Amino acid sequence: MAWFTKEYEQFFDELNNNNEREWFNANKSRYEKHVKKPFEAFVSDLILRMQQYDSACQIQPKDAIFRVNRDIRFSKDKTPYKVQMSAVVGKGGKKESSLTGVYLELGSQHLRVYGGVYQSDKEQLRKLRQEILYNTEDFSNVINEKSFKRVFQEIRGEKNKRLDPEFAEILDQQPLIANKQFYYFANLDPDLITSDKLVDEIFKAFEVSLPVRNFLMTPLLD
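Residue numbering for the sequence shown follows our numbering, beginning at 58 and increasing consecutively.
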(Lines of atoms letter the chains of each structure in order from A; the text may use other names.)
(Lines give C-alpha, C1' and ligand atoms only; values in the text may rest on other atoms or scores of the structure.)
Protein backbone atom coordinates (compact mmCIF):
# COMPACT_ATOMS: atom_id res chain seq x y z
CA MET A 58 0.00 0.00 0.00
CA ALA A 59 1.25 3.49 -0.85
CA TRP A 60 2.18 5.92 1.92
CA PHE A 61 0.74 9.00 0.24
CA THR A 62 -2.41 9.91 -1.65
CA LYS A 63 -3.07 12.68 -4.14
CA GLU A 64 -4.14 14.81 -1.15
CA TYR A 65 -0.45 15.02 -0.16
CA GLU A 66 0.44 16.63 -3.48
CA GLN A 67 -2.73 18.73 -3.50
CA PHE A 68 -1.85 20.22 -0.12
CA PHE A 69 1.55 21.41 -1.36
CA ASP A 70 0.08 22.63 -4.66
CA GLU A 71 -2.27 24.87 -2.69
CA LEU A 72 0.36 25.87 -0.13
CA ASN A 73 2.60 27.00 -2.97
CA ASN A 74 -0.09 29.50 -3.98
CA ASN A 75 -1.15 30.41 -0.41
CA ASN A 76 2.08 30.41 1.57
CA GLU A 77 0.89 32.30 4.62
CA ARG A 78 0.11 31.40 8.22
CA GLU A 79 -3.61 32.13 7.95
CA TRP A 80 -4.06 29.62 5.13
CA PHE A 81 -1.87 27.01 6.82
CA ASN A 82 -3.73 27.28 10.13
CA ALA A 83 -7.07 26.97 8.33
CA ASN A 84 -5.82 23.80 6.62
CA LYS A 85 -3.84 22.33 9.50
CA SER A 86 -6.12 19.31 9.85
CA ARG A 87 -5.40 18.46 6.19
CA TYR A 88 -1.68 18.81 6.88
CA GLU A 89 -1.87 16.50 9.90
CA LYS A 90 -3.94 13.84 8.11
CA HIS A 91 -2.52 13.83 4.59
CA VAL A 92 1.05 15.07 5.09
CA LYS A 93 2.53 14.84 8.59
CA LYS A 94 1.25 11.44 9.72
CA PRO A 95 1.84 9.66 6.39
CA PHE A 96 5.33 11.17 6.17
CA GLU A 97 6.17 9.90 9.65
CA ALA A 98 5.04 6.39 8.68
CA PHE A 99 7.04 6.62 5.46
CA VAL A 100 10.22 7.72 7.25
CA SER A 101 9.75 4.95 9.81
CA ASP A 102 9.80 2.42 6.96
CA LEU A 103 12.82 4.12 5.41
CA ILE A 104 14.69 3.77 8.71
CA LEU A 105 13.88 0.07 8.89
CA ARG A 106 15.17 -0.42 5.35
CA MET A 107 18.31 1.62 6.05
CA GLN A 108 19.11 -0.65 8.99
CA GLN A 109 19.71 -3.43 6.45
CA TYR A 110 22.66 -1.37 5.19
CA ASP A 111 23.74 0.29 8.43
CA SER A 112 22.82 -1.29 11.77
CA ALA A 113 23.93 1.95 13.49
CA CYS A 114 20.86 3.72 12.07
CA GLN A 115 18.84 3.47 15.29
CA ILE A 116 16.88 6.70 15.07
CA GLN A 117 13.20 7.57 15.31
CA PRO A 118 11.23 9.52 12.68
CA LYS A 119 11.33 12.63 14.89
CA ASP A 120 15.15 12.50 14.71
CA ALA A 121 15.05 12.49 10.91
CA ILE A 122 12.21 14.81 9.86
CA PHE A 123 12.69 18.53 9.37
CA ARG A 124 9.96 21.01 10.26
CA VAL A 125 7.79 22.34 7.47
CA ASN A 126 8.32 25.85 8.89
CA ARG A 127 11.06 27.81 7.17
CA ASP A 128 13.78 29.70 9.04
CA ILE A 129 13.25 33.16 7.58
CA ARG A 130 15.55 35.13 9.90
CA PHE A 131 18.33 35.59 7.35
CA SER A 132 16.39 34.95 4.15
CA LYS A 133 15.06 37.40 1.60
CA ASP A 134 12.22 34.95 1.00
CA LYS A 135 9.84 35.51 3.90
CA THR A 136 7.29 32.83 3.01
CA PRO A 137 6.80 30.92 6.26
CA TYR A 138 6.55 27.33 4.97
CA LYS A 139 8.52 24.92 2.83
CA VAL A 140 6.63 23.42 -0.09
CA GLN A 141 7.95 19.93 0.56
CA MET A 142 8.70 17.59 3.42
CA SER A 143 12.29 16.55 4.04
CA ALA A 144 14.25 14.13 6.20
CA VAL A 145 17.70 12.67 6.75
CA VAL A 146 17.65 8.90 7.14
CA GLY A 147 21.02 7.86 8.54
CA LYS A 148 22.57 7.09 11.89
CA GLY A 149 22.77 10.75 12.93
CA GLY A 150 19.43 11.86 11.51
CA LYS A 151 19.09 15.62 11.13
CA LYS A 152 22.41 16.13 12.93
CA GLU A 153 24.38 14.47 10.12
CA SER A 154 26.59 16.71 8.00
CA SER A 155 28.07 13.77 6.11
CA LEU A 156 25.29 11.63 4.73
CA THR A 157 25.91 8.04 5.73
CA GLY A 158 22.31 7.56 4.60
CA VAL A 159 20.10 9.76 2.45
CA TYR A 160 18.50 13.18 2.55
CA LEU A 161 15.24 13.38 0.66
CA GLU A 162 12.63 15.94 -0.35
CA LEU A 163 9.03 15.15 -1.29
CA GLY A 164 6.75 17.88 -2.54
CA SER A 165 4.19 18.28 -5.27
CA GLN A 166 5.81 16.94 -8.42
CA HIS A 167 9.17 17.00 -6.63
CA LEU A 168 11.06 13.91 -5.47
CA ARG A 169 14.79 14.27 -4.89
CA VAL A 170 17.28 12.01 -3.11
CA TYR A 171 20.67 13.33 -1.93
CA GLY A 172 23.87 11.78 -0.67
CA GLY A 173 27.49 12.70 0.04
CA VAL A 174 29.10 15.39 2.17
CA TYR A 175 27.34 18.74 2.37
CA GLN A 176 29.10 20.24 5.39
CA SER A 177 32.51 19.39 6.77
CA ASP A 178 34.87 21.01 9.21
CA LYS A 179 38.45 21.89 8.30
CA GLU A 180 39.88 18.57 9.47
CA GLN A 181 37.22 16.51 7.71
CA LEU A 182 37.81 18.41 4.47
CA ARG A 183 41.54 17.77 4.75
CA LYS A 184 40.89 14.04 5.20
CA LEU A 185 38.56 13.96 2.19
CA ARG A 186 41.11 15.69 0.00
CA GLN A 187 43.87 13.39 1.20
CA GLU A 188 41.72 10.39 0.31
CA ILE A 189 41.26 11.78 -3.21
CA LEU A 190 44.98 12.64 -3.45
CA TYR A 191 46.12 9.16 -2.41
CA ASN A 192 43.43 7.32 -4.38
CA THR A 193 42.83 9.56 -7.37
CA GLU A 194 42.21 6.74 -9.83
CA ASP A 195 39.77 4.95 -7.52
CA PHE A 196 37.85 8.19 -6.98
CA SER A 197 37.67 8.82 -10.71
CA ASN A 198 36.41 5.28 -11.28
CA VAL A 199 33.52 5.47 -8.80
CA ILE A 200 32.28 8.91 -9.84
CA ASN A 201 32.43 8.00 -13.52
CA GLU A 202 30.72 4.64 -13.17
CA LYS A 203 27.89 4.48 -15.71
CA SER A 204 25.04 3.81 -13.29
CA PHE A 205 26.14 6.63 -10.95
CA LYS A 206 26.31 9.11 -13.82
CA ARG A 207 22.94 7.95 -15.13
CA VAL A 208 21.17 8.40 -11.79
CA PHE A 209 23.14 11.20 -10.09
CA GLN A 210 25.07 12.77 -13.00
CA GLU A 211 27.93 14.31 -11.01
CA ILE A 212 29.47 15.37 -7.72
CA ARG A 213 28.43 18.92 -6.83
CA GLY A 214 29.54 21.56 -4.36
CA GLU A 215 31.22 24.89 -3.77
CA LYS A 216 34.95 25.14 -4.40
CA ASN A 217 37.94 26.78 -2.75
CA LYS A 218 39.83 29.22 -4.96
CA ARG A 219 43.08 28.40 -3.19
CA LEU A 220 44.43 24.99 -2.24
CA ASP A 221 47.38 23.72 -0.24
CA PRO A 222 50.25 22.89 -2.62
CA GLU A 223 49.92 19.13 -2.09
CA PHE A 224 46.33 19.20 -3.34
CA ALA A 225 46.90 21.81 -6.05
CA GLU A 226 49.33 19.41 -7.74
CA ILE A 227 46.48 17.20 -8.96
CA LEU A 228 43.95 19.95 -9.68
CA ASP A 229 44.22 19.49 -13.44
CA GLN A 230 43.89 15.73 -13.10
CA GLN A 231 40.99 15.86 -10.63
CA PRO A 232 39.29 19.28 -10.34
CA LEU A 233 36.93 18.01 -7.64
CA ILE A 234 39.77 18.12 -5.13
CA ALA A 235 39.02 21.85 -4.87
CA ASN A 236 35.49 21.15 -3.66
CA LYS A 237 34.39 22.18 -0.18
CA GLN A 238 31.31 19.98 -0.60
CA PHE A 239 30.93 16.57 -2.21
CA TYR A 240 27.24 15.90 -2.64
CA TYR A 241 25.04 14.45 -5.35
CA PHE A 242 21.34 14.12 -5.96
CA ALA A 243 18.86 12.25 -8.12
CA ASN A 244 15.54 13.54 -9.35
CA LEU A 245 13.18 10.59 -9.27
CA ASP A 246 9.85 10.29 -11.07
CA PRO A 247 7.31 12.32 -9.02
CA ASP A 248 4.66 9.71 -9.85
CA LEU A 249 6.45 7.47 -7.35
CA ILE A 250 5.24 9.66 -4.47
CA THR A 251 1.82 7.98 -4.55
CA SER A 252 3.22 4.55 -5.46
CA ASP A 253 3.82 1.56 -3.20
CA LYS A 254 7.23 1.26 -4.92
CA LEU A 255 8.49 4.52 -3.42
CA VAL A 256 10.81 3.05 -0.78
CA ASP A 257 12.12 0.43 -3.21
CA GLU A 258 13.01 3.06 -5.80
CA ILE A 259 14.71 5.31 -3.25
CA PHE A 260 16.91 2.43 -2.18
CA LYS A 261 17.67 1.47 -5.76
CA ALA A 262 19.16 4.95 -6.11
CA PHE A 263 20.93 4.58 -2.75
CA GLU A 264 22.51 1.30 -3.87
CA VAL A 265 23.80 2.95 -7.04
CA SER A 266 25.50 5.58 -4.87
CA LEU A 267 27.18 3.13 -2.49
CA PRO A 268 30.64 3.04 -4.13
CA VAL A 269 30.82 6.85 -4.07
CA ARG A 270 29.26 7.04 -0.63
CA ASN A 271 31.72 4.48 0.76
CA PHE A 272 34.70 6.30 -0.77
CA LEU A 273 33.65 9.60 0.83
CA MET A 274 32.76 8.07 4.18
CA THR A 275 35.96 6.03 4.63
CA PRO A 276 38.22 8.92 5.75
CA LEU A 277 35.46 10.46 7.88
CA LEU A 278 34.60 7.30 9.79
CA ASP A 279 38.18 6.29 10.64
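Think of the CB as a built atom: it goes at the ideal place given N, C-alpha and C, for glycine as much as any other residue.
Fair warning: this is a prediction, and the values are worked out from it, not measured in the lab.
Paired residues, beta bridge with residue i - DSSP
{"i": "Gln141", "result": "Gly164"}
{"i": "Tyr241", "result": "Gly172"}
{"i": "Val159", "result": "Val146"}
{"i": "Arg213", "result": "Tyr240"}
Status (buried if at least 16 other CB within 10 Å, exposed otherwise) for residue i
{"i": "Ile129", "result": "exposed"}
{"i": "Glu35", "result": "What the structure shows of the chain is the stretch from 58 to 279, and residue 35 is not part of that stretch, so it cannot be assessed."}
{"i": "Ala98", "result": "exposed"}
{"i": "Ser165", "result": "buried"}
{"i": "Ser191", "result": "The question names Ser, but residue 191 is Tyr in the sequence shown. Classification of Tyr191: exposed, given that the 10 Å Cβ count is below 16."}
{"i": "Ala243", "result": "buried"}
{"i": "Arg270", "result": "buried"}
{"i": "Ser132", "result": "exposed"}
{"i": "Ser177", "result": "buried"}
{"i": "Ser266", "result": "buried"}
{"i": "Met58", "result": "exposed"}
{"i": "Glu226", "result": "exposed"}
{"i": "Leu245", "result": "buried"}
{"i": "Ala83", "result": "exposed"}
{"i": "Glu180", "result": "exposed"}
{"i": "Glu64", "result": "exposed"}
For residue j and residue i, believed in contact at Cβ under 8 Å, the rounded distance
{"i": "Phe196", "j": "Phe272", "result": "6 Å"}
{"i": "Pro268", "j": "Glu202", "result": "6 Å"}
{"i": "Phe61", "j": "Thr251", "result": "5 Å"}
{"i": "Ile234", "j": "Arg183", "result": "Actually they are not in contact, since the Cβ atoms of Ile234 and Arg183 sit about 11 Å apart, beyond 8 Å."}
{"i": "Phe68", "j": "Val92", "result": "5 Å"}
{"i": "Ile104", "j": "Lys148", "result": "Not quite, the Cβ-Cβ distance comes to about 10 Å (not below 8 Å), so this is no contact."}
{"i": "Ile212", "j": "Tyr241", "result": "6 Å"}
{"i": "Asn74", "j": "Tyr138", "result": "Between Tyr138 and Asn74 the Cβ distance is about 12 Å, and since that is not below 8 Å, they are no contact."}
{"i": "Ile259", "j": "Val170", "result": "6 Å"}
{"i": "Arg106", "j": "Val256", "result": "6 Å"}
Local conformation of residue i per DSSP, three classes
{"i": "Ile116", "result": "coil"}
{"i": "Asn82", "result": "helix"}
{"i": "Lys133", "result": "coil"}
{"i": "Asn201", "result": "coil"}
{"i": "Arg207", "result": "helix"}
{"i": "Arg124", "result": "coil"}
{"i": "Asn271", "result": "helix"}
{"i": "Asn236", "result": "strand"}
{"i": "Arg219", "result": "coil"}
{"i": "Met58", "result": "coil"}
{"i": "Lys254", "result": "coil"}
{"i": "Asp111", "result": "coil"}
{"i": "Gln187", "result": "helix"}
{"i": "Asn73", "result": "helix"}
{"i": "Ile259", "result": "helix"}
{"i": "Gln230", "result": "coil"}
{"i": "Asp195", "result": "helix"}
Counting pairs of beta carbons, one from the segment 140-148 and one from the segment 209-216, are three or more of them closer than 8 Å?
no
Decide yes or no for the touch test of the segment 105-116 against the segment 154-173: beta carbon pairs closer than 8 Å, at least 3 of them.
yes
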